[in-house]
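Chains as they are written, first to last, in the numbering used here: chain A, 599 to 867; chain B, 38 to 281.
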Amino acid sequence: MTFDKEYFNIGYLDRLSYRDTVIHRLDSRAKVIATTIFIITVISYPKYEVISLVPFFIFPVLLITLSDTPFKFVLKKILVVSPFAVFIGIFNPLFDTRTVTLAHNALISAGWISLLSIMMKFALTISAAILLVATTSFPGVCNALQRLGIPAPFTSQLFFLYRYIFVLMEEAMRIVRARDLRSFGNRGTGIKVFARLIGILLVRTFERAERIYEAMLSRGFGGNMPSMRQFRFTISDAVFVFLTMAFFFALRFYNITEMIGRLIQGITV
Amino acid sequence: MSHHLVVFDSVFFCYPDGTEAIKGVSFRITHGESVGIVGANGAGKSTLLMHMNGYLIPMKGSVIIGDLYLDKKTRQEIRKKVGVVFQNPDDQLFMPTVFDDVAFGPLNLGMSEEKVRERVDEVLKTVGCLSLKDKPPHHLSAGQKSAVAIASVIAMRPDILVMDEPASNLDPRSRRQLINLLREFEHTKVIASHDLDMILDVCKRCIVIKEGRVVADGPADRILSDRVQLEENNLELPLSLQRL
């Protein structure tokens, strides 16, 4: 059952955020701002852009090295979600058959280039998002969002999502186990039974929600999630945000790759 | 001290599906008493407890907590006085970290952040979980979860502590630690449980509920040694009394 394995994987992402490195120590708001700007900059490139996206990989690679996050883990996560991006771009080579010339007079249809561009943008944005959570922890991100002025109803939803995804998964795991233990061969594992299991899970979730609400009320919940100021935005956070922003803008508005290429050519020629 | 009174006066409650869960329950618990509530499954124990913090409001009869008569207007005040520890700690611990969870109640009471920090450290020390402060609840063991659940309630300094099956899912050692912890509290305590040995250890008084009615109310050692009555209620003699 791969379910169990996936479950422990989520826990792993959680444990990564307990580490103590330069990146982990940054204020979570600084990281949220930097990541958001990174993602916006990356997706702002036109659809045939490939070369200019390459330098952006410096950002996730730098984060991985500085935060001591296992590279393999990030890569795996990207692969797991990649089907979504592939399905978005897979038809581009079929529909967009205009040919373009590459170096050495090789011909290629523009669709392949836009597919490559989509895949690169996808890898960049997803790795940035994974690294944000791995270095900040999910509640840290929620807290940052709250401090940045996102309305409480949204952030508290995220808090609860994070807290109860584990409980819900355990519940699902138990139901699936109970089914597997009493179904032999293929009997009992069909879609009909599955639909009922989902139904039971939903009903149990409602009941749990009611009990949680009761627990919240009995501890004086009045509609607002209280939170405490645990973070301080220091000079190093400001420097981090400023540097990353300057770096992204420089990449976006000056053709750095070409400049570097010219420079190297100038040296070699 | 009439402040920490719990008075039920012929309380009647019926669920929307027509189940008559409580049919005229009356008792009076005074300051500092520790009371065990026992009875068969479905006897109405949990429904009874839900009246103590105003989650349910009696359909007939009245509930008085401290000097307040329970109704929709007073239940906010009553919730500040009555701390309820629920059976399943996963329902009780809903915040992302242990610290946030224990701080939830005190922050809702409007305490200053500095005081909240002090309070959290203090109650986590009381239940022996200070080292778990920054952990997320889903990484704790069942015993740790229930200890933190109790901490999250006593952090509000309630006058009355109400617990529903606090020792279920605990291993014997965690259960023993819980019992020792409960014996230290000077609050008024109301504990519903099937763990009669725990009731015998923690409570001086015991109320037996059967089909929504009080069938016995008196000193715990007398009631819990009455084999006939216990067996009528799907219960049996506490293990510690069986050996005698």
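Ideal Cβ placement from N, Cα and C applies to all residues, glycine included.
For A:Met843, no beta strand (DSSP E) run applies; the uninterrupted alpha helix (DSSP H) run containing it begins and ends at 833-851, by DSSP. Here A:Thr695 carries a coil assignment [DSSP, helix/strand/coil].
Looking at B:Asp196, B:Ser211, B:Asn206, B:Lys247, the one whose alpha-carbon comes closest to that of B:Glu223 is B:Asp196.
With its beta carbon at least 8 Å from every one in chain B, A:Tyr646 lies outside the interface. B:Leu42 and B:Lys82 have their alpha carbons spaced roughly 19 Å apart. Listed in chain order, the alpha helix (DSSP H) runs fully inside the region 788-817 of chain A are 789-815, counting runs of at least 4 residues. A:Ala770 is positioned such that its CB atom lies no closer than 8 Å to that of A:Ile716. By the criterion of a C-beta distance shorter than 7 Å, B:Ala179 is surrounded in its chain by Asn206, Leu207, once the five residues flanking it on both sides are discounted.
Interface annotation, B:Ser189: in contact with chain A, CB-CB separation under 8 Å. A residue is called buried when at least 16 other Cβ atoms come within 10 angstroms of its Cβ; B:Arg65 does not meet this threshold and is exposed.
A contact between stretches requires three or more CB pairs, one per stretch, nearer than 8 Å, and the region 255-267 of chain B meets this requirement with the region 228-245 of chain B. Here A:Glu812 is buried: its Cβ has 16 or more other Cβ atoms, across all protein chains shown, within 10 Å. For B:Pro256, the enclosing beta strand (DSSP E) begins and ends at 250-256. In this structure, B:Gln181 keeps its C-beta atom at 8 Å or more from the C-beta atom of B:Leu198. Bounds of any beta strand (DSSP E) do not take in B:Met193, whose DSSP letter is neither H nor E.
Per DSSP, reduced to three states, the secondary structure at B:Tyr106 is strand. Scanning chain A for C-beta atoms nearer than 8 Å to the C-beta of B:Gly142 yields Arg817, Gly818, reported in chain order. Taking a beta-carbon distance threshold of 8 Å, A:Glu856 does not count as an interface residue toward chain B. The beta carbons of B:Thr225 and B:His68 sit closer together than 8 Å. In this structure, B:Leu144 lies away from A:Pro751, with their beta-carbon atoms at least 8 Å apart. Within chain A, not a single residue places a beta-carbon under 8 Å from that of B:His224; the smallest gap is close to 15 Å.
The beta carbon of A:Ile631 is closer than 8 Å to those of Leu746, Val839 in its chain, skipping five residues each way along the sequence. Think of a sphere of 8 Å around the beta carbon of A:Tyr760: the chain B residues whose beta carbon falls inside it are Pro133, in chain order.
Only residues of its own chain outside the window of five on either side were considered, and among them Ala192, Met193 have a CB closer than 6 Å to the CB of B:Gly142, listed in chain order. For A:Ala813, the neighbours in chain B by C-beta distance under 8 Å run, in chain order, Val121, Phe123, Asp128, Gln129, Phe131.
At the C-beta level, B:Gly91 and B:Ile115 come within 8 Å of one another.
What A:Phe764 touches in chain B, judged by beta-carbon distance under 8 Å, is His175, going in chain order.
The alpha carbon of B:Asp238 has as its nearest neighbour, out of B:Ala253, B:Glu248, B:Arg212, B:Asp254, the alpha carbon of B:Arg212.
B:Cys166 carries a coil assignment under DSSP once its states are collapsed to helix, strand and coil. Of the residues assessed, B:Asp138 falls on the buried side of the cut-off, its CB having 16 or more other CB atoms within 10 angstroms. Judged by DSSP in its simplified three-state form, A:Val679 adopts helix. From the listed residues B:Thr56, B:Ala80, B:Phe49, the smallest Cα separation to B:Leu272 is found for B:Ala80. Per DSSP, B:Lys60 is one residue of the beta strand (DSSP E) stretching across 57-66. Inside the region 629-664 of chain A, DSSP marks no whole beta strand (DSSP E) run of 3 or more residues. Contiguous beta strand (DSSP E) elements confined to the region 98-147 of chain B occur at 119-122, taking only those with 3 or more residues.
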